[in-house]
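Trainee: Before I ask anything, let me first share the structure, which is written out below as structure tokens.
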Amino acid sequence: MAQGDAKARLSADDWAQAALDALAVGGLAAVSVEPIAKRLGTTKGSFYWHFKDRAALIDAALARWEQRSTDDVIAEIAVETDPAERLHRLFAQVIDYAATGRIELALLASADQPPVAATLRRVADRRIEYVAELLRELGLTTAQARTRAVVAVSIYHGFNQLARVSPDTLPSTEAQRRALVDSAFESLLPKRR
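Each residue of the sequence shown is one higher than the one before, counting from 611 in my numbering.
Below, the structure is given as structure tokens:
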């Protein structure tokens with residue numbers, strides 16, 4: 611494909627995804643127009659066709675990450691009618707992602723940057739509220755559900771950090787991952803009498 615064809619086909623989403631890819635590897639500082647244009651096989655002109663400046667690209671990348679890592683996950687899980695099964699599937703999915711996903715860690719490292727901080731806060735609040743909603747459906751009080759939802763999201767963040775600093779401590783087989791998910795899941799459920 612000629613470079614002109616590549617430019618014509620690139621969308622704002624292509625640029626946002628490329629920015630997320632750069633962020634995952636090198637943090638927020640790696641979201642730089644020229645290197646991303648080079649990786650995409652295009653020029654800065656393509657970038658300026660879609661975005662006013664780097665800040666607009668970062669905003670688009672953050673919006674894409676928020677949509678894909680939270681809203682799309684919740685929508686995918688929502689097809690399950692049983693709240694316990696939704697919670698279990700959610701845990702399985704996010705534990706798998708936490709073992710390999712690097713974007714969130716890079717964003718956390720840039721949490722002092724206002725657009726990143728605002729996005730992380732919104733995502734954390736949405737995730738906690740969704741897990742609390744599932745736990746309320748399972749019979750917990752609002753206060754209990756909120757506390758356990760905070761624990762659940764904390765487990766995810768801890769697992770994500772552990773994957774980076776000590777990956778050999780993580781479950782390496784499907785059976786081990788299932789056991790981890792089951793254990794975390796059981797710890798959140800209301801005690802049965």
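Positions of the beta carbon are idealized from the N, C-alpha and C atoms, including for glycine.
1) Determine the direct distance from the alpha carbon of Lys-654 to that of Ala-665, and round the result to whole angstroms.
2) Whole angstroms are fine: how far does the CA of Val-689 sit from the CA of Asp-722?
3) According to the Cβ coordinates, are Ala-716 and Ala-634 closer than 7 Å?
4) Assign Arg-619 to one of two classes, buried (16 or more other C-beta atoms within 10 Å of its C-beta) or exposed (fewer than that).
5) So what does DSSP say about Met-611, is it helix, strand or coil?
6) Please state if the CB of Ala-670 and the CB of Ala-626 are separated by a distance shorter than 7 Å.
7) Does the distance between the C-beta of Ala-719 and the nearest non-hydrogen atom of the ligand MN fall short of 6 Å?
Mentor: Quick look at the numbers:
1) The sequence position of residue 665 within the sequence shown is 55, counting from 1. The sequence position of residue 654 within the sequence shown is 44, counting from 1. Cα to Cα, the separation comes out at about 15 Å.
2) Position 112 of the sequence shown, counted from the start, is the residue given in the question as residue 722. Position 79 of the sequence shown, counted from the start, is the residue given in the question as residue 689. Cα to Cα, the separation comes out at about 36 Å.
3) Within the sequence shown, residue 716 is the residue found at index 106, counting from 1. Within the sequence shown, residue 634 is the residue found at index 24, counting from 1. It is a contact, given that the beta carbons lie within the stated cut-off.
4) Numbered from its first residue, the sequence shown carries residue 619 at position 9. It counts as exposed.
5) Taking the first residue of the sequence shown as 1, we reach residue 611 at position 1. Because Met-611 carries a pLDDT of 41, less than 50, the predicted location of this residue cannot be relied on, and the following value inherits that uncertainty. Coil, per DSSP.
6) Within the sequence shown, residue 626 is the residue found at index 16, counting from 1. Within the sequence shown, residue 670 is the residue found at index 60, counting from 1. Taking 7 Å as the Cβ cut-off, Ala-626 and Ala-670 qualify as a contacting pair.
7) In the structure shown, the ligand MN is absent, as is every other ligand, since no ligand is present at all.
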